[in-house]
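Below is one structure, written out as structure tokens; the observations come after it.
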Amino acid sequence: MKQTTKFQHILQFFVLVMVGFGFLAQIASAQKKVTSPEEFFGFQLGSDKKIARWDEIIHYFEVLERESDKIKVIDMGPSTMGNPFLLVIISSDENLANLDRLRQVNATLSDPRRVAEEEIKKLIKEGKAVMCQSMSLHATEIGGTQMAPELTYDLLSRKDEETQRILDNVVFFMIPSFNPDGQIMVTDWYNKTLGTEYEGSNLPWLYHKYVGHDNNRDGDFLNMIESVYAAKIMYRDWVPQAYIDHHHMGSSGARFYIPPYCDPIRPYADPLIWREHSWYGAHIAYKLEENGKSGILNAAQFPGWGHFGWHWITPFHNIAGMLTESASARLASPLYIHPEQLEGGARQFPRYEAQSTFPNPWPGGWWRLRDIVEQQKISAWALLDLAARNKETVLWNAYLKAKRQTERGEQGKIKAYIVPINQHDPLTVTKMINTLLLSGIEIQQAEKEFQVGNAIYPEGSFVITLAQPKMGLIRNLLGRTFYPENEWTMEADGTPLQPYDLATHTMNEFMGVRVDPADQEASGDFRILSEQIKISGEVETGGMGYMLDGRLNASFKAVNLLIDKGIAVQRIDKPNSGLNPGDFIVYKGPESVIEEIAQETGVDFKALNNKIDAGIHEVKKPRVGMYQRYYGGNMDEGWTRFLLEMFAFPYISLMDAEIKNGNLNAKYDTIILPQDSPDIIIGEIPPQYRRYISAVPPEYQSGIGQEGIAALKEFVEKGGMLVTLGEASSFAIEKFGLGIRNVVDNLDSKEFFCPGSTLKVKFDNTHPLAYGMPEEGFVVFYSSEAFAITESSKSEQYESVVRYQDKDLLQSGWLIGEDHLTGMPAMVNVKHGKGQVVLIGFRTQNRCQTHGTFKLLFNTMIR
Ligand SMILES: [Zn+2]
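Here the sequence shown is numbered in my numbering, starting from 118 and rising by one per residue.
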């Protein structure tokens, strides 16, 4: 055996060391390797017939966070149904380590009041462009969420100069699913129907527990928890310079709509916003053409005046809020489009032919989820690329937008909005102020009484100056709004074009809150509100018990909570020792429970010293049936459920089968039919819906049928109350043979048109259904009905509870042909058999926003 020499030992040692180093180097490089979506999911995202589910996508982001120091994954909290709502932040490791400082810099640039321009210039050098993009807000529009992991992977794994520039210059905030619950529902539904004749069909119910598609109508009121998270990210913590929300649209037009919007545009944004839309949009379009994508449309179809969902409200936060819309496939199943099926016809896109904003028409053929993923990824990347190449311009413009909006507020005719605290329902005033605070609006509260012009406002009133960066938002939410009548909104023959959504979104009008525009700066002893106003009712013990103010929406919640605890509640019918019809009385109850309810609801329990013997009745526990159908669900139904839960009303969702079975009086005192077409309620499907409905499995086809109509009639005749909201009123008018006519039925739009406006009405607050209401106020008219009482033999059984004013109906929005409404009943109570039919023609609870008319619905349940 050969002895090894010392030299050989040394050599062996070196070899081992070298191998060891190589191994370590290998480990190090393995750490740098980022797992690709294909490795993780087992398929390329966007592949035919495959959808990655939200839980897997979360795991993928967790893996990426472990593998890379260029990504931070933040769980903002649970969604409505308890799934994690993620925020993914992508940037260089250096930027991510420095986020707190970057946030401060960004906050100063987006609110530069009291900061010198020299300092701003330094901050622009130091700061980074902040870009935000969100995916698949509408859960059936699945492309965005499928694209997000691949976009992230590209950003983390690509080593080229372009990628490095993005990471160095941009902090990218991504919401990979704006509706995690819906993503899961749609994925599971797709997999369940895969391979059946219903493959690719839409979900039979709402793709969100409450609001479905309307989650894009909640960027102002922030009713949903998902909205609260998005507001924290975009309205307060980070005000990004630009934001894109990625959607899908119909299948037969352009392949991809990208920014900018077309006309008309909503007023009061800084003009730079509209220029930024064009600037980013041009780069996005350029990159798509460069990549050989056809069918790209911009500056058409989606107008700059829309609803107050995310991409349309952010411009008024000085964020270049934009939208992309991909043509849809059938979820993950491919769809074939024949050339002759392709069509134009959208705003500023009259024909499916080449035009300057659509130079390269797509010729038709198979359309797949992968096509959507690719085009969305190019658009998402293009935004980041342009911002990275022009970081200082982007930040300088952020500063300019904020500065100029503040100056416009200073110089404008209206200097501030004053919100007095002493009004009809002060708790709803507080609710409005808290909602505005969530939007990052600066609000001051008076520590002492103050005067503006001739008006004197009490301590506790609020002042919202327009000399602040979010001037445009404040002006749109709190100022009267008139939708334009011009070439962009009407056809040449005077036919009005339907606005994209309501013609106004004036928060205080919806909420029944008085806001006074002030033409001079208010001054006084004011304090800037730095956090949400806490509500807490006071309890005053009297000899006999407690009184609750029936004008407060929150009193109804308090009453529901009291009844739920077994505490009896009485209601006043005749004015008596300072009490008004609609006020509530509690004679006794455990003090700790009363205290708790006062704290939770904010309602004061005032001392009651005398027993009231007459003009009072006991409130029964509400027994409410809330009609719910399939056929994709009904958003108005979902919003109503949310409203009932918000105010602690007990209810049961009432489906077709239960209605058809009859004997409804045994379980219900009030049945609510939400806004819906009578045909859909009955199940007689109009031709335009047939194609969609036929794609739904038979167990999800809906309609109460003739048996259901008979059962509802019996319910009312035996003493029940049927409440019909909006168009559902026609169901009762026709099927119950009521002596009522919808006065705006079948009118030509040139003769009558009211696409979502606030109109002036009178409330008969001596009627039990309008207890607690003021004498006058506003209602929201939106696909609504108004009534004429045509009954002659029993007209005493018809009571008008709400009536349109005799002239000048329009507060905000758009109204053609007001003569059809003036003086007409807007809400009618019809005594029928032993029961009642309550027809509410307007939107009494629209999207949980119209707090000013909630009580009209509450009074049908608490009576
Ligand atoms: Zn959408």
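Where a beta carbon is used, it is the ideal one built from N, C-alpha and C, also for glycine.
Problem set entry | Sequence-distant residues of its chain with Cβ nearer than 6 Å to D285 (five each side left out) | As a working mapping, residue 285 is identified with position 168 in the sequence shown. Once the five neighbours on either side are set aside, the close Cβ partners of D285 are S209.
For this session: Determine the extent of the alpha helix (DSSP H) in which M264 is found, giving its start and end residues.
Result: Here residue 264 is taken as the residue at index 147 of the sequence shown, counted from 1. Segment G260 to S274, the alpha helix (DSSP H) holding M264.
For this session: Please name the residue or residues paired with N946 in a DSSP beta bridge.
Result: Looking up residue 946 in the sequence shown gives position 829. Paired residue(s): E916 and V955.
For this session: Name the residue from D271, L213, G529 and G312 whose alpha carbon lies nearest to the alpha carbon of P154.
Result: The residue given as residue 154 occupies position 37 in the sequence shown. It is D271 whose Cα lies nearest to the Cα of P154.
For this session: Tell me whether P229 sits in a helix, a strand or coil according to DSSP, three-state version.
Result: Stepping through the sequence shown from its first residue, residue 229 is reached at position 112. Three-state result, P229: coil.
Exercise. DSSP three-state call for C379: helix, strand or coil?
Worked result: Residue mapping note: residue 379 aligns to position 262 of the sequence shown, counting from 1. Strand.
Exercise. Can you pull the DSSP bridge partners for M607?
Worked result: Indexing the sequence shown from 1 puts residue 607 at position 490. DSSP output for M607 lists P613 as bridge partner(s).
Exercise. Below 8 Å, can you find three or more Cβ-Cβ pairs linking the segment 199-215 to the segment 165-181?
Worked result: yes
For this session: Please name the residue, chosen from I788, L162 and M248, that lies closest to Y360 on a Cα-to-Cα basis.
Result: Residue mapping note: residue 360 aligns to position 243 of the sequence shown, counting from 1. It is M248.
Exercise. Cβ atoms of D721 and G654: under 8 Å apart, would you say?
Worked result: Locating residue 654 in the sequence shown gives position 537, where the first residue counts as 1. Locating residue 721 in the sequence shown gives position 604, where the first residue counts as 1. Cβ atoms of G654 and D721: closer than 8 Å.
Exercise. How about M983 and L974: do their beta carbons lie closer than 8 Å?
Worked result: In the structure displayed, the chain extends from 118 to 980; residue 983 sits before or after that span and is not available.
Exercise. Between which two residues does the beta strand (DSSP E) containing D285 stretch?
Worked result: Along the sequence shown, read from residue 1 onward, the residue named residue 285 stands at position 168. From DSSP, D285 is part of no beta strand (DSSP E) but of the alpha helix (DSSP H) over E278 to N286.
Exercise. DSSP three-state call for R220: helix, strand or coil?
Worked result: Locating residue 220 in the sequence shown gives position 103, where the first residue counts as 1. R220 falls in the helix class under three-state DSSP.
Problem set entry | Residues that I292 bridges to, as DSSP identifies them | What you label residue 292 is simply residue 175 of the sequence shown in a count that begins at 1. Bridge partners of I292: S251.
Problem set entry | H364 CB to nearest heavy atom of ligand 1 below 7 Å | The residue labelled residue 364 in the question sits at position 247 within the sequence shown. Yes, since a heavy atom of ligand 1 falls inside the 7 Å radius drawn around the Cβ of H364.
Problem set entry | Coil, strand or helix - W322 by DSSP | The residue you call residue 322 lines up with position 205 of the sequence shown. The three-state reading of DSSP puts W322 in coil, since its state is none of H, G, I, E or B.
Exercise. Nearest CA to the CA of M628: which residue from L216, R183 and F971?
Worked result: Looking up residue 628 in the sequence shown gives position 511. Comparing Cα positions, the closest option is F971.
Exercise. Can you name the start and end residues of the beta strand (DSSP E) that K877 belongs to?
Worked result: Here residue 877 refers to the residue found at position 760 when the sequence shown is read from its first residue. Here the beta strand (DSSP E) through K877 covers S874 to F880.
Problem set entry | 7 Å Cβ shell around G825 - same chain, five flanking residues per side excluded | Looking up residue 825 in the sequence shown gives position 708. Excluding positions up to five away in sequence, the list reads D773, I776 and K777.
For this session: Apply the 10 Å Cβ neighbour rule to A233 and answer buried if 16 or more other Cβ atoms are within range, or exposed otherwise.
Result: Numbered from its first residue, the sequence shown carries residue 233 at position 116. By the 10 Å Cβ count, A233 comes out exposed.
Problem set entry | Beta-carbon spacing of C379, A417 below 8 Å | For the purposes of this step, residue 379 is identified with residue 262 of the sequence shown, where counting begins at 1. For the purposes of this step, residue 417 is identified with residue 300 of the sequence shown, where counting begins at 1. Yes; because the gap between Cβ atoms is below 8 Å, this pair is in contact.
Exercise. Sorry if obvious, but does the Cβ on N333 come closer than 7 Å to a heavy atom of ligand 1?
Worked result: Start at 1 with the first residue of the sequence shown, and residue 333 comes out as number 216. At least one heavy atom of ligand 1 is nearer than 7 Å to the Cβ of N333, so yes.
For this session: Enumerate in chain order the residues of its own chain whose CB-to-CB distance from K948 is below 6 Å, with the five nearest sequence positions on each side excluded.
Result: Counting from 1 along the sequence shown, the entry for residue 948 is found at position 831. So the qualifying residues of the chain are Q914.
Exercise. By the 10 Å Cβ neighbour count, where 16 or more other Cβ atoms means buried, how is E844 classified, buried or exposed?
Worked result: Counting from 1 along the sequence shown, the entry for residue 844 is found at position 727. By the neighbour-count rule (16 or more Cβ atoms within 10 Å), E844 is buried.
Exercise. If you measure from the CB of L254, is any heavy atom of ligand 1 nearer than 7 Å?
Worked result: The residue labelled residue 254 in the question sits at position 137 within the sequence shown. For ligand 1, at least one heavy atom lies less than 7 Å from the Cβ of L254.
Problem set entry | Per-residue burial, S709 [other beta carbons within 10 Å of its own, 16 or more giving buried] | Looking up residue 709 in the sequence shown gives position 592. Result: exposed.
Exercise. Would I144 be called buried (16 or more neighbouring beta carbons within 10 Å of its own) or exposed?
Worked result: Numbered from its first residue, the sequence shown carries residue 144 at position 27. With a pLDDT of 46 at I144, under the threshold of 50, the modelled position of that residue is not reliable, and the figure given next carries that caveat. The Cβ neighbour count for I144, taken over all protein chains shown within 10 Å, is under 16; the residue is labelled exposed.
Exercise. Which term fits I558, buried or exposed, when burial requires 16 or more other beta carbons within 10 angstroms of its beta carbon?
Worked result: The residue given as residue 558 occupies position 441 in the sequence shown. Result: buried.
Exercise. By Cβ distance, which residues of its chain are closer than 6 Å to G139, with the 5 residues on each side in sequence left out?
Worked result: Counted from its first residue, the sequence shown places residue 139 at position 22. With a pLDDT of 49 at G139, under the threshold of 50, the modelled position of this residue cannot be trusted; read the value that follows with caution. Answer for G139: no residue qualifies.
Exercise. Mind checking whether A533 and I573 have CB atoms under 8 Å apart?
Worked result: Stepping through the sequence shown from its first residue, residue 533 is reached at position 416. Stepping through the sequence shown from its first residue, residue 573 is reached at position 456. Between A533 and I573, the gap from beta carbon to beta carbon reaches 8 Å or more.
For this session: Taking the CB atoms as reference points, tell me whether I789 and V741 lie closer together than 8 Å.
Result: Counted from its first residue, the sequence shown places residue 789 at position 672. Counted from its first residue, the sequence shown places residue 741 at position 624. Yes. Within cutoff.
Exercise. Whose CA, out of I711, R231, S847 and G889, lies closest to the CA of V1035?
Worked result: Limits of the chain in this structure are 118 at one end and 980 at the other, which puts residue 1035 out of reach.
For this session: Please report how far the alpha carbon of T257 lies from the alpha carbon of G641, in whole angstroms.
Result: For the purposes of this step, residue 257 is identified with residue 140 of the sequence shown, where counting begins at 1. For the purposes of this step, residue 641 is identified with residue 524 of the sequence shown, where counting begins at 1. The alpha-carbon separation between T257 and G641 amounts to approximately 52 Å.
For this session: Could you tell me how far apart the beta carbons of L226 and L213 are, in whole angstroms, since I believe they sit closer than 8 Å?
Result: Counting from 1 along the sequence shown, the entry for residue 226 is found at position 109. Counting from 1 along the sequence shown, the entry for residue 213 is found at position 96. With 8 Å as the limit, L226 and L213 do not qualify as a contact, their Cβ atoms being about 19 Å apart.
Exercise. Which residue's Cα is closest to the Cα of A685: I733, I650 and Q716?
Worked result: Along the sequence shown, read from residue 1 onward, the residue named residue 685 stands at position 568. If we check each option's Cα against that of A685, I733 comes out closest.
For this session: Mark H330 as exposed unless 16 or more other C-beta atoms lie within 10 angstroms of its C-beta, in which case mark it buried.
Result: The sequence position of residue 330 within the sequence shown is 213, counting from 1. Buried, by the Cβ-count rule.
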